[in-house]
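Contents: one structure, followed by commentary.
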Amino acid sequence: MAITLAEEIMLLSLDDESGSAKQREAASWAVSGGILLELVLAGKVSVKGKYLELVDTTPTGDALADSRTALIETWMRGRGKCRVTDWLTKDRSKAVAATLESLCQRGVVVDEKHKVLGVFPIRRYPEADGAVERELRERLRAVVLDGAVPDSRTAGLIALVHSAKLHRLAFPDDHGKQVASRMEEVATGQWAAESVRAAIRDMQAAMVAVTVITVAAVGS
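The sequence shown maps to residues 4 to 223 in the working numbering.
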């Protein structure tokens, strides 16, 4: 089953059995960035420097991506370009909710509602179809640990995981310097057209910026 970059990141962050999210804050930035990268790869959005531009609103056929295109169009209100960090900040929590809903609709995870102390409602998303995550992790392992040449989507996923420092989610048993070094090599490699690689670099810079702000706010 083919799933989106955002769904792949979300799946990596969810505990298979409990369905709770790990590294929630950093993963949420990567999920939002994953949807944006999906739009870049589809030619719907361009990212140059600190700014994003909406270049094509034709539907892709993917509900998750198309909903974000419509939201960006509404948010921009006719402006030619907007800051990437502004969009990631605005969309982050909604992007996570939309991505979880998409995974549920695909039958990859299930939506379970519980109450803590019988009062406070919480939602968990345990895995329903483990084959999707197994294929994902095998693909990441082949590229990062075994040195296989990545396709553009896998390389883009690795770049997002690396920029959000989610190495441990992708490789819970192998999260040393070797993994970070290989991910950096892939993230900066010649795996796509220069325009796409430039967009990835600019998005990575934006994600680093918003992640630093979030960490500082939590720690203050």
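The beta-carbon is built from N, C-alpha and C at its ideal position, and this holds for glycine as well.
These numbers come from a predicted model, not from an experiment.
- Here Tyr54 is bridged, per DSSP, to Lys51, Arg86.
- Rounded to whole angstroms, the Cβ separation of Val112 and Pro129 is 7 Å, and the two are in contact under 8 Å.
- Rounded to whole angstroms, the separation of the alpha carbons of Val122 and Met186 is 43 Å.
- By the neighbour-count definition (other C-beta atoms within 10 Å, threshold 16), Ser198 is an exposed residue.
- With distances taken between CA atoms, Arg126 lies nearest to Asp18 out of Phe174, Gly150, Asp18.
- Taking each of Glu11, Lys51, Gln181, Gly159 in turn and checking the Cα distance to Lys84, the smallest one comes out for Lys51.
- If you check the CB distance, Ala29 and Ala190 do not come in under 8 Å.
- A direct Cα-to-Cα measurement between Leu55 and Gly133 gives close to 35 Å.
- Taken through DSSP and simplified to helix, strand or coil, Ala24 comes out as strand.
- By the C-beta criterion, the segment 31–50 is judged to be in contact with the segment 65–75, since at least 3 inter-stretch pairs fall below 8 Å.
- In its chain, beyond the 5 residues on either side, Ser31, Val34 have a beta carbon closer than 6 Å to the beta carbon of Val99.
- Exposure of Val152 is indicated by the presence of fewer than 16 other C-beta atoms within 10 angstroms of its C-beta.
- The three-state secondary structure of Lys116, taken from DSSP, is strand.
- Note on geometry: alpha-carbon atoms of Arg156 and Val135 lie some 16 Å from one another.
- Within the segment 120–169, the complete alpha helix (DSSP H) runs of at least 4 residues fall at 133–147, 155–166.
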